[in-house]
Structure formats: C-alpha cells, structure tokens
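Data block below; observations after.
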Amino acid sequence: MAPISYARHRFPPDVIRHAVWLYLRFTLSYRDVEELLAERGLDVSYETIRRWVLKFGLQFARNLRASRPRPSGQWHLDEMVVSIGGKHHWLWRAVDSEGEVLDLLVQSRRDKKAAVRLIRKLLKKQGFVPTLLVTDRLRSYGAARRDLGLSARHEQGLRQNNRAENSHQPVRRRERKMQGFKSPGSAQRFLSIHAAVHNTFNWTVLSRPFLKASAGLEGLHGQVWRHLERTRGGAWTVGGASGLHARARFCRKRTRFRL
C-alpha cells in the first residue's frame, strides 16, 4: 500500500484517521464528528474535519481497494436517481453477488451511452469479464452488452436484482444527512470513497473466504485500517484510550454472530 504523509499537520495521524473513519463509516455530519472528538478532549473544528476527508479520503480508499480480493464473476447493475444542485442525475452502480460495490458512476442521462461507460469502467478496473450480468428491465443494459460484445449471460427480472437495489440504501441515508449533493464531481468523489470504506467494514458480507480466515471481526478490523499507514506500528490510541482494547471490546459484543 502507498504510504500516507501527515506532514505539517498539528494533530497526530491517529486522530486524523479516526475522524475520517467516523465520517465515512457512519451516517454522521462534520459537526457530529466534531462533537464526538470533543467528548474525548479533542478541540477540532468541523471545517478541519472536512479538509481531512477531502485530503486523505481518496488515499484511504485507494489503499482499501488495493487490499480487497477479487470479486465474484456475477455482477448486478442498477441505477437510481439523485438530486444534485436541484437537478436530477443518475447514479449507476455495480455490485457483485455478495453485495460488494464494484464501481459507481454519476451521469446526467439514463441511456445506452451511460450504460456502456459504466461497463467499460468496470472491465478496466476489475481486469476480467463477468460470467453473469443481472439487471432490471432497462433496455440500455442489453444494448450496451451487445455493443461491447460481451459473452456473459444476461438475466433480467423484477426481483432478481435486489442485491443492487439494497446497495442503494446507504447512499440514500448519506444523501439525506448531507442534504443533497452539490455537484456531480463532488458526488462522484465522495461516493467512491464511501463505497471503499463500506465494502471494508460492512459486516453483513460474511461469505468471503478472507473474512473467515481473519480470525473474525477483530482480525479484519485491526488489520485493514492499520494498513492505511504501515509506518506506524504502535497501538491505535485516540483520546488516551487504546484502540487495541476498544477492538477487543467490540469483538466481545459481536461474538454471538457466527462467521
């Protein structure tokens, strides 16, 4: 993973990582994160947290995506309408058979050209051709598949694409909390970062082999987020509380769930 530099920042890297993680992982506003840090004796303004998210969010997401295993060959494609600056845009999304977000694309139209752009982006980023495409009954997907010459089987149905439909729910919650997106570029940037963090800490995806091999939640939670900064090997401390102990308490609460 690429090392992340925190040079010329007044707060230690642990505080910055924790603030960015809180904002991206949970449905919180910048002011909510400011209050949570204030409870731990950290005087950080919401504007500072916003700048941290903009500066480090993309780097965190890049490192998180690099640590992910190869997704399955069954891709679910779907689109939903989002309001950006008072205008309707379309958020095109692709997830695999286990609910992991593969990629997303904000477009102004809902047509074959946008579908082709999404599938091309998927093929370039994933590096392999899927075995199955599952979509709704929008004809743009079939036209894009024929235009690109894909040999993957294409299934369409009213409820067969529930996997992609359910993946829109976290975005809807964030959209309401943020009172809408301000521009297509900012929406694309934030949702790409949010998808990478959601994939990593979405504990409903339990059939991954690497999840079962990671000694449960403690192993994955401890490994992935600390790998964002390999140069620091100490315990994760925020506000005087040891992150190792916090993770242990978190795992004890979740032992009733089987992997």
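Position in the sequence shown (from 1) plus 737 gives the number in our numbering. All C-beta atoms in this analysis are idealised placements derived from N, C-alpha and C, irrespective of residue type, glycine included. Here the structure is a predicted model, which is why all the values come from computation and not from measurement.
- With contacts defined by Cβ atoms closer than 8 Å, Leu814 and Ala756 do not form a contacting pair.
- By the Cβ rule, the segment 854-862 counts as touching the segment 875-890, because three or more pairs are nearer than 8 Å.
- By the C-beta density criterion, Leu895 is exposed, having fewer than 16 other C-beta atoms within 10 angstroms.
- With contacts defined by Cβ atoms closer than 8 Å, Asp840 and Pro808 do not form a contacting pair.
- Gln897 and Pro806 have their alpha carbons spaced roughly 25 Å apart.
- Unbroken alpha helix (DSSP H) stretches of 4 residues or longer found wholly inside the segment 843-869: 849-863, given in chain order.
- Exclusion of the five residues before and after Arg802 leaves Ala933 as the residues of its chain whose Cβ lies within less than 7 Å of its Cβ.
- Distances from the CA of Gly778 to each of Phe748, Lys850, Phe763, Asn800 were compared; the closest alpha carbon is that of Phe748.
- Of the other Cβ atoms in all chains shown, 16 or more fall within 10 Å of the Cβ of Thr872; this residue is therefore buried.
- Residues of the same chain with a CB within less than 8 Å of the CB of Trp827, apart from the 5 flanking positions on each side, are Glu816, Met817, Val818, Val819, Val843, Gln844, Ser845, Arg846, Arg847, Ala851 in chain order.
- Scanning Ile930, Phe938, Glu912 for the CA closest to the CA of Gly822 turns up Glu912.
- With a cutoff of 8 Å on beta-carbon distance, Leu870 and Ala889 are scored as near each other.
- In the structure shown, Ile821 falls within a strand segment according to DSSP collapsed to helix, strand and coil.
- Burial check for Gly794: the Cβ neighbour count within 10 Å reaches 16 or more, so the residue is buried.
- Taking the Cα positions, Ser742 is about 20 Å away from Leu761.
- Within its own chain, the residues whose Cβ lies closer than 8 Å to the Cβ of Tyr878, once the five positions on either side in sequence are excluded, are Leu814, Ala852, Leu870, Thr872, His891, Gln893, listed in chain order.
- Only residues of its own chain outside the window of five on either side were considered, and among them Val866 have a CB closer than 7 Å to the CB of Leu887, listed in chain order.
- For Gln906 and Pro750, the gap between their C-alpha atoms comes out near 31 Å.
- Secondary structure at Ala798: helix, using DSSP grouped into helix, strand and coil.
- Contact annotation, Thr868 with Gly810: C-beta distance approximately 4 Å; criterion of less than 8 Å satisfied.
- Between the beta-carbon of Glu776 and that of Ile786 there is about 14 Å, and that puts the pair past the 8 Å contact cut.
- Between Arg799 and Ala739, the C-beta spacing is below 8 Å.
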